[in-house]
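Notes to accompany the following structure.
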Amino acid sequence: MVPFDYTLVEGEKIIIDNSSYWGETIFKNCNITINVTSKFLVTRNLSFINSKLIFKKRFTNYCWADCFFDSCSFEGQLSGNDFGNWPSYFVRDDEKRIGDIVNCDFSKCDLASCRILDSSAESNRFPEWPNFTLFDPALHVELLRSIKWPDNFDFLFEGLDDDIGTKISSVSWNFKYLTKYTTSYKVYDMLNELPFAKL
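Quick note on numbering: our numbering labels position 104 of the sequence shown as 107, and the sequence is numbered without any gaps.
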């Protein structure tokens, strides 16, 4: 059922190539191509259902906290993108938080420091190595910090026990963006031994 104050867009091919505001819209079975960087896109209370989102430019430092995604696929480079239910996100007291992401496919993405918070992260499909994903990292922070990682690789595990860190359902990186911290490919074998890691 579509909320009375929402617009339903179904079965459309949409191209975003200039500054855009999306608000109170449900996209269903849509193919959406985003040709702009994150500073030119503003989203508010959106739902994406069985839709495809293609990012033609590297999309950085964006919070999708007021967006709901179900059975969607993503393509492109995402860096510092946050999904899910973020309690610190600015929402009026009379608004319901809708942030969530389930059953989605990131397998055609490069993910660099992308997080899912307070959601069913394991229902989603993530890209393979050199991408890697850690599930519920805060639950395993002591183990992660006890491992003797090569060089400065352990910087990734800072902040996992702060207020936001404890709510992270998953966090994903791409190793090729981390070579300034370590060039050791031993990292692959070390990560591969962790039962909560997806490579």
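For each residue, glycine too, the CB sits at the ideal point set by N, CA and C.
With DSSP collapsed to three states, give me the class of R148.
Indexing the sequence shown from 1 puts residue 148 at position 145. Correct three-state label for R148: helix.
In this structure, how does DSSP classify A68 when only helix, strand and coil are distinguished?
Locating residue 68 in the sequence shown gives position 65, counting from the first residue. Looking at A68 - three-state DSSP - the assignment turns out to be coil, as it is neither helix nor strand.
Could you check what DSSP says for M4 in three-state terms: helix, strand or coil?
In the sequence shown, residue 4 corresponds to position 1, counting from 1. Here the model assigns M4 a pLDDT of 39, short of 50, so the residue's position is not dependable and the matter cannot be decided.
Whether or not the stretch 166-173 and the stretch 183-192 are in contact is what I'm after, with contact meaning three or more pairs of Cβ atoms, one per stretch, closer than 8 Å; do they touch?
no
Locate the alpha helix (DSSP H) running through Y180, then write down its first and last residues.
Here residue 180 refers to the residue found at position 177 of the sequence shown. Premise fails: Y180 is in no alpha helix (DSSP H) and is neither H nor E.
Could you give the distance in angstroms between the alpha-carbon of F160 and the alpha-carbon of L147?
Taking the sequence shown and counting its residues from 1, the one referred to as residue 160 is at position 157. Taking the sequence shown and counting its residues from 1, the one referred to as residue 147 is at position 144. Computed Cα separation, rounded: 7 Å.
Please list, in chain order, all residues of the same chain as G162 whose beta carbon is under 8 Å from its beta carbon, the five residues on each side excluded.
Taking the first residue of the sequence shown as 1, we reach residue 162 at position 159. Excluding residues within five positions, the ones whose Cβ falls inside 8 Å are G168.
Name the DSSP beta bridge partners of E78, please?
As a first step, residue 78 is located in the sequence shown; it is residue number 75 there, counting from the start. DSSP lists I57 and K111 as the bridge partner or partners of E78.
Going by C-alpha to C-alpha distance, which of W67, K60, F158 and N48 sits closest to T182?
To locate residue 182, count along the sequence shown from 1; it is residue 179. The shortest C-alpha separation from T182 is found at F158.
To which residues of the same chain is D154 closer than 7 Å at the C-beta, ignoring the five residues directly before and after it?
One-based indexing of the sequence shown puts residue 154 at position 151. Y184, T185 and S187.
Taking just the CA atoms, how far does I52 sit from W176?
Your numbering for residue 176 matches position 173 in the sequence shown. Your numbering for residue 52 matches position 49 in the sequence shown. Just so you know, the alpha carbons of W176 and I52 end up roughly 25 Å apart.
Using the rule of at least 16 other Cβ atoms within 10 Å of the residue's Cβ for burial, across every protein chain shown, is P198 buried or exposed?
Within the sequence shown, numbered from 1, the residue matching residue 198 stands at position 195. Residue burial is scored here from C-beta neighbours: P198 has fewer than 16 other C-beta atoms within 10 angstroms and is therefore classed as exposed.
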